[in-house]
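Q:
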Amino acid sequence: MLAAVGRGSVGLVEEIGRLGHFLADTLRAVPDLRTWGRQLFPMMRRIGVDSLPIALFISAFTGIVLALLASYTFTGAVPLYLVGTLVGKTTMMELGPVLTGLALAGRVGANIAAELGTMRVTEQVDALETLAYDPHAYLVLPRVIAGTLMFPVVVAFAMAMGIFMGWVAATTLLPITTAEFLRGLRLFYVPFDIQFGLIKAASFGFVITLIGCHLGLGTRGGAEGVGSATTRTVVYSAEMILVLDAYWALTLLRPA
Amino acid sequence: MIAFRELHKAFGPKQVLRGVSIEVQDGETLVIVGGSGTGKSVALKHVVGLLEPDAGEVEVDGQVVSRLRRKELTELRAHIGYVFQFAALFDSMTIFDNVAFGLRRRRMGEAEIRTRVAEALGLVDLPGAEQQMPAELSGGMRKRVGLARAIALRPKYLLYDEPTTGLDPVTAAVIDELMVRTREALGVTSIVITHDMRSAYTVGDRIAMLYEGRIRQEGTVAEIQQTTDPLVRQFIEGRPSPRGTEAAAPPGSDEEVAVKESQR
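These protein sequences, in sequence, are chains A and B. Sequential numbering of the first sequence, starting at 1, is according to this note's numbering. Sequential numbering of the second sequence, starting at 1, is according to this note's numbering.
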């Protein structure tokens, strides 16, 4: 068992080392703006705009459930206008970014790993290199930058949708007026709540796209290799989202 | 000139290349033949720095490929066209964009790119295919587009990785003819990897056989056709390895060991 733990630890350290090396190669490609700049806007559309429907769908139902859950918990104990507080705080600071991040780990991360993995096994990545293109500039940087920039935008829309649907549920299904919901929403609100959620979203976008690119370009073998890279991307991305979620809470929310 | 010097390469425990040494002179076409899995493509990928050798080196125009910096390697690659086994076309792009892809890297004007793409597609007998997608083409046509993409750059060197594999004999002959025509039109130095001996005889000035990670024999087409080496004869005549011919394999070689094991 000790040997298995040892092997696992060595494997993890090796994987982190490879990811660090990959990141260094990607940073070295930054000056090649001519190559990655052209790819950036199409990628922002693919990663950001095209992800909006799934993000809005998830956040809409989350908002409804949060309102009902808050009402169930508070009834008889706490004033119900605090439903607005719970929906707002939770959506902005935690569930908006984390649930959207987990959904996009599947949609965006898996898509990147499958696409780049297929390009790798069909020698399209080798072809890029022989045509004097750096795959990090042409394939990786546009995806990582687009993910880092667009995840906060998608999450911002998801937050708005979650709060809106929380308000709809509260005012139609619960004995709460719009004024009471808004009172609760404003009660402990500080602009940092939104900033906190968006910082997390940017970090999720960065790691999901970086892991997708790293595992996609590292694909070996044929269809099986592509499948494995895709699965590992989703699993590692989900794990990293939870780790980063805890990291940001520890670094930004801990009382001084 | 391209020179392989004592090139060694292993993937994990599998030693693929065990000291490949051979030179390709300017203007000539060297064909490297050998069975599947003997490391022909692995050797070729070292020429453009897609793989790094474990030992030994590949030299192109006096530059050791594995010692080049990223920028120098990019400059070297600009002089080398690579035709991939399965064409490796970018499937999200039209044929025009595929062929123009390398040209765009060179900051050419759009008008010049259009001219070059039309010329390259004309040379491979695919004029007017610009707006088609790779998925709409047959295997032979895809290989021709792969060749067009390589020659559009007007390279000094052309590397072909199994250009006729998987094609019917007529299409394979068309590709062979295209390779000969390309060489005559552009005067390029070429390395062709194949196990198709008819193709090797048609396009090659010299033929080298790779066996167990080393060059077993090299010579002109006539010399190879008249060889007395039993292993090379067996390969060029396409004969299966009969029982009891293990003497043809060098003592202690993987093949000899495998034959002895199978006869126990």
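In this text, a Cβ means the ideal position worked out from N, Cα and C, and glycines have one as well.
1. Looking at the structure shown, is D254/B part of a helix, part of a strand, or coil, going by DSSP?
2. Count the other CB atoms, across all protein chains shown, that sit within 10 Å of the CB of A247/B; report buried if there are 16 or more and exposed otherwise.
3. Please check the pair K156/B and V188/B, which I expect to be a contact at CB under 8 angstroms, by giving their CB distance rounded to whole angstroms.
4. Using 8 angstroms as the limit for Cβ to Cβ distance, is E14/A near chain B?
5. Hey, which unbroken runs of the alpha helix (DSSP H) at 4 residues or more fall wholly within the segment 99-140 of chain B?
6. Nearest to G204/B by alpha carbon, out of K45/B, R233/B, E136/B and V31/B?
7. Taking the continuous beta strand (DSSP E) assigned at D161/B, which residues delimit it?
8. In angstroms, rounded to a whole number, what distance separates the CA positions of L44/B and V20/B?
9. Look at the Cβ atom of A170/A, then the Cβ atom of V65/A, and state whether they are nearer than 8 angstroms.
10. Compare the Cα-Cα distances from L217/A to each of E129/A, W167/A, G63/A and L2/A and report the closest residue.
11. I need the DSSP call for G81/B, collapsed to helix, strand or coil.
12. Start and end of the alpha helix (DSSP H) containing E57/B?
13. Would you please state the rounded distance, in angstroms, between the beta carbons of G197/A and V155/A? I believe it to be under 8 angstroms.
14. Does DSSP put V10/A in a helix, in a strand, or in coil?
15. Does DSSP classify R239/B as helix, strand or coil?
16. Tell me whether S138/B is buried or exposed, calling it buried when 16 or more other Cβ atoms sit within 10 Å of its Cβ.
17. Compute the Euclidean distance between the alpha carbons of E6/B and L210/B, then round it to the nearest angstrom.
18. Which of the three DSSP states is assigned to R69/B in this structure?
19. Compare the C-alpha of G140/B against each of E223/B, A172/B, G109/B and A118/B and name the closest.
20. Any beta carbon of chain B sitting closer than 8 angstroms to that of D50/A?
21. On a CA-only basis, which of V226/A, M150/A, T73/A and H214/A is nearest A201/A? Give me that one, please.
22. How should I241/A be labelled, buried or exposed, when 16 other C-beta atoms within 10 angstroms of its C-beta is the threshold for buried?
23. Between E72/B and A29/A, what straight-line distance do the alpha-carbon atoms span, to the nearest angstrom?
24. Helix, strand or coil: how does DSSP classify E123/A here?
25. Does the distance from the CB of A78/B to the CB of A132/A come in under 8 angstroms?
26. L210/B lies in the beta strand (DSSP E); which residues open and close that run?
27. Would R120/A be called buried (16 or more neighbouring beta carbons within 10 Å of its own) or exposed?
28. When DSSP labels each residue in this structure, what does G218/A get in the three-state scheme?
29. Kindly list, in the order they appear in chain A, the residues whose Cβ is closer than 9 angstroms to that of F101/B.
30. Going by beta-carbon coordinates alone, are V108/A and T230/A separated by less than 8 angstroms?
31. Tell me the DSSP secondary structure of F4/B in three-state form.
32. In the DSSP assignment, what are the bridge partners of F11/B?
33. Rounded to the nearest angstrom, what separates R183/A and W167/A at their Cα positions?
34. Taking the alpha carbon of V144/A as the point to measure from, which residue in V207/A, A60/A and K89/A has its own alpha carbon closest?
35. Given a cut-off of 8 angstroms, decide if A158/A and S237/A are closer than it, judged by their beta-carbon atoms.
36. Thinking T35/A and Y189/A are a contact (beta carbons under 8 angstroms), I'd like their distance in whole angstroms, please.
A: According to the structure shown:
1. Annotation note: pLDDT 47 at D254/B (below 50); position unreliable, no value reported.
2. Because A247/B sits at a pLDDT of 39, beneath the cut-off of 50, its placement in the model cannot be relied upon, and the following sentence gives the value as read from the coordinates. Label assigned to A247/B: exposed.
3. 6 angstroms
4. no
5. 110-123
6. V31/B
7. Y157 to D161
8. 11 angstroms
9. no
10. E129/A
11. strand
12. Segment A55 to V60 is the beta strand (DSSP E) holding E57/B; no alpha helix (DSSP H) there.
13. 6 angstroms
14. helix
15. coil
16. exposed
17. 13 angstroms
18. coil
19. A172/B
20. no
21. M150/A
22. buried
23. 15 angstroms
24. coil
25. yes
26. R206 to Y211
27. buried
28. coil
29. A127, L128, L131 and Y133
30. no
31. strand
32. K14/B
33. 12 angstroms
34. V207/A
35. no
36. Between Y189/A and T35/A the Cβ distance is about 43 angstroms, and since that is not below 8 angstroms, they are no contact.
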